[in-house]
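Data first, discussion second: the structure below is written as structure tokens.
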Amino acid sequence: MTEQAELNSPPALPAAPAASDRPRLSPRRAGLLSPLGRRGTPARLFMIAALLAGGLWAGFGSPYINLIGQACVIFGIAALGQWMLVGGAGQIAISGGAFMGIGAFTAGLLANAGIENFFVILVVSAVVGFGVGLLSGIPGLRFRGLYLLLASLALQFIMQSISYQVQQKVSPAGLVVPPLTIGGKDFSFGTSFYWLVLVILVVIYALLAGLERTGVGVAWKALRESEVAAAMTGVDVTKWKLYAFAASGAITAIAGTLFAYSVGRADHESYTILVSISLLTMLFLGGSGSRIGALFGAVIITALPYFLQSEVSVWFQNAGLSFDWYTNNMSVINAGLFSAIFVIVILFEPEGIQGLLIKLETGIRSLFRHRSPKGAKGVES
0 MTEQAELNSP PALPAAPAAS DRPRLSPRRA GLLSPLGRRG TPARLFMIAA
50 LLAGGLWAGF GSPYINLIGQ ACVIFGIAAL GQWMLVGGAG QIAISGGAFM
100 GIGAFTAGLL ANAGIENFFV ILVVSAVVGF GVGLLSGIPG LRFRGLYLLL
150 ASLALQFIMQ SISYQVQQKV SPAGLVVPPL TIGGKDFSFG TSFYWLVLVI
200 LVVIYALLAG LERTGVGVAW KALRESEVAA AMTGVDVTKW KLYAFAASGA
250 ITAIAGTLFA YSVGRADHES YTILVSISLL TMLFLGGSGS RIGALFGAVI
300 ITALPYFLQS EVSVWFQNAG LSFDWYTNNM SVINAGLFSA IFVIVILFEP
350 EGIQGLLIKL ETGIRSLFRH RSPKGAKGVE S
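Counting in numbering that gives the first Met the number 0, the final residue of the sequence shown is number 380, and the numbers go up one at a time with none missing.
See the structure below:
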């Protein structure tokens with residue numbers, strides 16, 4: 000009976016290799032590879048590398064490339080300000096252009112009053128943006144979604160009207176901003192101005208990254224997920240909503256001040272609804288869920304008109320076609336183009352370029368996982 004039972008029993012499976020017999024990575028190599036194994040890390044590293052390469056190219060490239068780099072950095076700061084409100088705290092607004100105008104006209108009025116110290120103008124502009132942002136957040140205490148968007152749109156038109164009236168009374172051609180000097184050194188143009196605004200961008204980015212890891216960042220994240228759940232867990236929804244609007248206004252106003260220094264004056268026509276649409280498009284194109292995505296989208300949207308003017312126009316000329324239809328209607332066409340990009344991203348890829356890269360990364364991971372040899376299963380586990 001015992002022999003018959005042994006014959007009928009299934010064959011024994013080979014014993015799994017002991018843990019000590021399996022190949023192991025050194026602690027140093029395992030520490031380096033573990034972050035790369037996380038979902039989304041390779042995509043973020045790719046975007047960071049692309050931004051660093053573009054930043055170095057703008058810093059050491061031709062004057063024209065440097066000029067594009069200056070605009071990308073300034074609008075990158077504005078996009079970070081919008082990310083704090085939309086991506087960080089989950090509040091929607093279309094008044095970024097208004098806050099850039101607030102920063103620019105604050106700089107112009109201070110310069111007109113005889114104040115030319117750059118850091119004083121920058122700090123005062125941030126404080127004014129903070130105060131106006133605090134006031135603009137009051138409608139957000141009652142409105143949500145579309146109604147909050149419409150309330151912020153009202154602020155945009157109010158700011159355009161006020162800036163027009165101020166400009167007509169002070170200087171119809173625009174409020175002149177003095178050359179940017181620090182310690183007697185001229186930083187008003189070229190690579191010196193580029194590196195200065197880039198340092199300001201890095202400082203703001205580092206502050207936001209640190210703030211995200213504090214209780215303030217946790218409160219804003221709770222607001223973004225659910226205001227009801229945040230209130231139930233003890234988060235002061237009113238307080239942190241207002242602070243999100245205020246902090247966003249301060250950062251966006253800093254970007255407006257820097258833009259005024261880059262062009263030499265503050266003009267109400269430079270901060271229209273098109274700028275607000277462009278900032279939202281930057282945010283959602285790159286990925287509203289991260290700061291890197293906001294910067295990536297800012298670079299693409301800011302550089303796109305320059306690319307159309309310099310490269311696409313040459314292609315049309317080589318093909319014997321006229322490109323005057325774009326150069327004569329640039330603002331209108333750009334508005335339509337940015338609006339179309341915004342709608343396409345919202346409909347087909349709400350997570351933006353970063354989300355698309357993460358999906359591509361996930362597909363590549365699954366492809367390699369399916370192609371891995373059977374014998375490697377024991378090593379992967």
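A virtual CB, placed ideally from N, CA and C, is assigned to each residue, including glycine.
Boundaries (first-last residue) of the alpha helix (DSSP H) holding residue i
i, result
"D323", "323-326"
"S309", "Element bounds for S309: n/a, residue is neither H nor E."
"S61", "From DSSP, S61 is part of no alpha helix (DSSP H); its letter is neither H nor E."
"L121", "117-135"
"I161", "145-169"
"E226", "226-231"
"E211", "189-211"
"I345", "329-347"
"V274", "272-285"
"L108", "95-111"
C-beta contact flag for residue i and residue j at 8 Å
i, j, result
"V85", "I91", "yes"
"S247", "M99", "no"
"I250", "L133", "no"
"A97", "L154", "yes"
"A110", "V175", "yes"
"V342", "L284", "no"
"Q81", "Y193", "no"
"I300", "M281", "yes"
"G136", "A245", "yes"
"F322", "S312", "yes"
"L279", "I93", "yes"
"F104", "S162", "yes"
"L346", "A42", "no"
"S187", "P178", "yes"
"G173", "A252", "no"
"G139", "L147", "yes"
"F295", "L108", "no"
Identified DSSP bridge partners for residue i
i, result
"M265", "In the sequence under discussion, the amino acid at residue 265 is Ala, which differs from the Met named in the question. A265 is bridged to L174."
"L184", "Strictly speaking, residue 184 in this sequence is Lys, with Leu absent from that position. Looking at the DSSP assignment, K184 forms a beta bridge with I181."
Beta-carbon contacts of residue i that lie in its chain and below 7 Å, excluding the five residues immediately before and after
i, result
"I73", "V196, A254, L257, F258, S261"
"T271", "G96, Q159"
"I114", "I120"
"I47", "I291"
"A230", "V236"
"S340", "Ser is not the amino acid found at residue 340; the sequence shown has Ile there. Answer for I340: T280, L284, listed in chain order."
"I67", "A57, A302, Y305"
"G384", "Because the chain in this structure spans residues 0 to 380, residue 384 falls outside the shown range and cannot be described."
"A265", "A103, F104, A106, G107, G173, L174, V176, A259"
"T1", "Only weak support is given to the placement of T1: the predicted model assigns it a pLDDT of 49, under 50, and the value that follows is read from those uncertain coordinates. Excluding positions up to five away in sequence, the list is empty."
8 Å CB neighbourhood of residue i in its chain, flanking five on each side removed
i, result
"A243", "M83, L84, G87, A88, Q90, G136, W219, L222"
"G216", "G87, L210"
"L359", "A42"
"L273", "G96, S330, N333, A334, F337"
"A293", "G75, A78, L79, Q81, W82, G86, M281, L282, G285, G286, S287"
"E224", "G89"
Close beta carbons around residue i, own chain, < 6 Å, minus the five adjacent residues each side
i, result
"N333", "P304"
"F337", "I276, S277, T280"
"L241", "L133, G136"
"G39", "I357"
"G233", "none"
"L44", "none"
CB-CB length for residue i against residue j, believed under 8 Å
i, j, result
"I352", "G286", "6 Å"
"P62", "G189", "7 Å"
"G53", "V298", "6 Å"
"I181", "F117", "6 Å"
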